[in-house]
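The sequence shown begins at 16 in the numbering used here and counts up one residue at a time. Reviewing the structure listed below.
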Amino acid sequence: MSRANGSANIKLALKEIAYKLFAPRIELGMEDGRLTGRARGLTGPIFQPLLDKVVEKQNRAKPVARENGALTYTLYHPPYPSPAANRAIQALVRDKLFGIKTPTTCTLAITYKCQCRCVHCSADRFIDPSRRELSTDELKSVISQSLDIGVVNVVLTGGEPMLRKDIFDLIAYVDKNKAHVMIFTNGWYLSEENVKRLRDAGLHSLNISIDHMDAKVHDELRRLEGCYARAFEGAARARSAGILTGISTYATSQNLKDGSLEGLVQLAQREGFHEVTIFDCMPAGRFLREEGVLLTPAERAEIVKLAKRYVAMDHPMGVIAQSWINSPIGSGCFGGQFQFYMTAYGDVNPCDFNPVTFGNVREMPLRAIWRKMITHPEYAGRKRSCRIQNPHYRAHYIRTVSDSAKLPVPVEQFEPVRVQDITTIPELEDAKNRG
Numbered sequence: 016m017s018r019a020n021g022s023a024n025i026k027l028a029l030k031e032i033a034y035k036l037f038a039p040r041i042e043l044g045m046e047d048g049r050l051t052g053r054a055r056g057l058t059g060p061i062f063q064p065l066l067d068k069v070v071e072k073q074n075r076a077k078p079v080a081r082e083n084g085a086l087t088y089t090l091y092h093p094p095y096p097s098p099a100a101n102r103a104i105q106a107l108v109r110d111k112l113f114g115i116k117t118p119t120t121c122t123l124a125i126t127y128k129c130q131c132r133c134v135h136c137s138a139d140r141f142i143d144p145s146r147r148e149l150s151t152d153e154l155k156s157v158i159s160q161s162l163d164i165g166v167v168n169v170v171l172t173g174g175e176p177m178l179r180k181d182i183f184d185l186i187a188y189v190d191k192n193k194a195h196v197m198i199f200t201n202g203w204y205l206s207e208e209n210v211k212r213l214r215d216a217g218l219h220s221l222n223i224s225i226d227h228m229d230a231k232v233h234d235e236l237r238r239l240e241g242c243y244a245r246a247f248e249g250a251a252r253a254r255s256a257g258i259l260t261g262i263s264t265y266a267t268s269q270n271l272k273d274g275s276l277e278g279l280v281q282l283a284q285r286e287g288f289h290e291v292t293i294f295d296c297m298p299a300g301r302f303l304r305e306e307g308v309l310l311t312p313a314e315r316a317e318i319v320k321l322a323k324r325y326v327a328m329d330h331p332m333g334v335i336a337q338s339w340i341n342s343p344i345g346s347g348c349f350g351g352q353f354q355f356y357m358t359a360y361g362d363v364n365p366c367d368f369n370p371v372t373f374g375n376v377r378e379m380p381l382r383a384i385w386r387k388m389i390t391h392p393e394y395a396g397r398k399r400s401c402r403i404q405n406p407h408y409r410a411h412y413i414r415t416v417s418d419s420a421k422l423p424v425p426v427e428q429f430e431p432v433r434v435q436d437i438t439t440i441p442e443l444e445d446a447k448n449r450g
């Protein structure tokens, strides 16, 4: 461990002690259909103004669902108010008052088995048949450790997570007072029986991956005939069972130009989905070297405008756009800031697009891996731009990796530097301001 890294760890340990001694206790509630919040304890009055702003922002936001006296604003957060939502606000306390970064989302690949062979698969370069995927007990340990360090959103992904027979047991294992659970699925296995078991296990929401509004194009991209029809049928079953549903898709220059991206958003609205997530087409996985798939700033601005239009509609469906949220006009890069990704073999990376790992849960406690990540020079502060789309990050952490290297690559193989950030994109600023 370097002297600088050792100093960073000492400072972090002191901050954590201060948090345990002086942190306020957050209590969320509802009055007349509006969210309320109270910060209790010695430092409560200090944090209350910030909490008031957070609560007011939530009250201005459009809920995508109302259930059991609580509001869901996005499938990526627990319902408000709830014990899990209290924990989400506590993470804000840790960050704003004490300077401690807490992962509120963990994305856990529980298997890389999949009946699809997607041309754009972001997990493809992580797949290694010579390695053993984590067992049920190992995954439960990771879930427990994730909750212990503050996670409130447990995302199970793959591959196709429904191919693991223990998925219902894993969902049930998550303490719902601490976190809610969502899955990313291709929708193939959402039968009546499986949907019932998912609901009974406590699944809150699921995102179905849909690549195109046209069934034939979707099935060709997934290389699985009938996948489109089964996905939509399964989503309808899930909604009937009380599980919130979203569509996960990605923007390309082509589907922006020909209108098919917006066509898919319109289709989701008609079908009754609660949310659509629009990822940027990323040079990751099978596209790791294909930087030509990167969107231009003008194209990303178009996505922001599209998302803003649908969010502003009276229709309750929400739209999440990576071009908006993970950019200088949003919250910036989530990797190593609010989330981490774990491969099916236990490697912990900043996000599922990032081929750099900070350790393996079979060799290190998750808390130690997270601490190692957030004290690394590149991850020690907020990054306003998505790293995988940042040319400076790619030059240092991606282009230097050989095609023959097994991914993910240990962070120790790189010189520990903080690369240049992209703090403003005029086209996005204009899209944000003008809509």
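Cβ atoms here follow ideal geometry from the backbone N, Cα and C, with glycine treated the same way. Only a predicted model underlies this, so the values are computations on that prediction, with no experimental measurement involved.
Backbone CA spacing between residue 98 and residue 435 [nearest angstrom]: Position 83 of the sequence shown, counted from the first residue, corresponds to residue 98. Position 420 of the sequence shown, counted from the first residue, corresponds to residue 435. Using only the alpha carbons, I get a separation of about 39 Å.
Whether residue 48 touches residue 106 by CB criterion (8 Å): Counting from one through the sequence shown, the residue named residue 48 turns up at place 33. Counting from one through the sequence shown, the residue named residue 106 turns up at place 91. Taking 8 Å as the Cβ cut-off, residue 48 and residue 106 do not qualify as a contacting pair.
Whether residue 199 touches residue 263 by CB criterion (8 Å): Working through the sequence shown from its first residue, we reach residue 199 at position 184. Working through the sequence shown from its first residue, we reach residue 263 at position 248. Contact flag set, yes.
The segment 297-312 touching the segment 340-352, judged by at least three CB pairs closer than 8 Å: no
Residues of its chain near residue 82, where Cβ-Cβ distance is below 8 Å and the 5 sequence neighbours each way are ignored: To locate residue 82, count along the sequence shown from 1; it is residue 67. Result list for residue 82: 94, 257, in chain order.
Terminal residues of the alpha helix (DSSP H) in which residue 151 lies: As a working mapping, residue 151 is identified with position 136 in the sequence shown. Taken as a continuous stretch (DSSP letters only), the alpha helix (DSSP H) holding residue 151 covers 151-163.
Complete alpha helix (DSSP H) runs within the segment 187-254 (minimum length 4 residues, chain order): 207-216, 230-237
Complete beta strand (DSSP E) runs within the segment 71-104 (minimum length 3 residues, chain order): 80-82, 85-87
Whole alpha helix (DSSP H) elements within the segment 289-367, 4-residue minimum: 312-326, 337-340
Three-pair Cβ contact test at 8 Å for the segment 385-399 versus the segment 167-181: no
Whether residue 69 touches residue 51 by CB criterion (8 Å): As a working mapping, residue 69 is identified with position 54 in the sequence shown. As a working mapping, residue 51 is identified with position 36 in the sequence shown. Contact flag unset, no.
Per-residue burial, residue 439 [other beta carbons within 10 Å of its own, 16 or more giving buried]: Taking the sequence shown and counting its residues from 1, the one referred to as residue 439 is at position 424. Burial call: exposed.
Cβ neighbours of residue 364 in the same chain (closer than 8 Å, five flanking residues each side left out): As a working mapping, residue 364 is identified with position 349 in the sequence shown. Around residue 364: 350, 355, 356, 357, 358, 370, 371, 372, 373, 423.
Spatial distance of residue 324 from residue 260 (CA atoms): For the purposes of this step, residue 324 is taken as residue 309 along the sequence shown, with counting starting at 1. For the purposes of this step, residue 260 is taken as residue 245 along the sequence shown, with counting starting at 1. So the alpha carbons of these two residues sit roughly 20 Å apart.
Where the beta strand (DSSP E) through residue 261 begins and ends: Translated into positions along the sequence shown, residue 261 becomes position 246. Residue 261 -> beta strand (DSSP E) spans 259-266.
Beta-carbon contacts of residue 238 that lie in its chain and below 8 Å, excluding the five residues immediately before and after: On the sequence shown, position 223 is the one that residue 238 refers to. So the list reads 131, 132, 133, 134, once near-sequence residues are dropped.
The segment 136-148 / the segment 82-91 touching (three or more Cβ pairs under 8 Å): no
Assumed close pair residue 295, residue 337 - CB separation to whole angstroms, cut-off 8 Å: Translated into positions along the sequence shown, residue 295 becomes position 280. Translated into positions along the sequence shown, residue 337 becomes position 322. So it is a contact: roughly 5 Å between Cβ atoms.
Reduced DSSP category for residue 55 - H, G, I as helix; E, B as strand; rest coil: As a position in the sequence shown, residue 55 is number 40, starting the count at 1. Note: residue 55 maps to strand in three-state DSSP.
Where the alpha helix (DSSP H) through residue 138 begins and ends: One-based indexing of the sequence shown puts residue 138 at position 123. Taken as a continuous stretch (DSSP letters only), residue 138 belongs to no alpha helix (DSSP H), as it is neither H nor E.
Extent of the continuous beta strand (DSSP E) run through residue 427: Taking the sequence shown and counting its residues from 1, one reaches residue 427 at position 412. Note, residue 427: premise wrong, no beta strand (DSSP E); not H, not E.
One or two residues paired with residue 124 in a DSSP bridge: On the sequence shown, position 109 is the one that residue 124 refers to. According to DSSP, residue 124 bridges with 172.
Euclidean distance between Cα positions of residue 411 and residue 362: Residue 411 sits at position 396 when you count from the first residue of the sequence shown. Residue 362 sits at position 347 when you count from the first residue of the sequence shown. Whole-angstrom Cα-Cα distance: 20 Å.
Span of the beta strand (DSSP E) around residue 457: The structure shown does not extend to residue 457, since the chain is modelled only from 16 through 450, so no value can be given for it.
Residue environment, residue 432, which counts as buried when at least 16 other CB atoms sit within 10 Å: Reading the sequence shown from its first residue, position 417 is the one you call residue 432. By the neighbour-count rule (16 or more Cβ atoms within 10 Å), residue 432 is not buried but exposed.
Backbone secondary structure at residue 402 - three-state DSSP: Here residue 402 corresponds to residue number 387 of the sequence shown, with the count starting at 1. It is helical.
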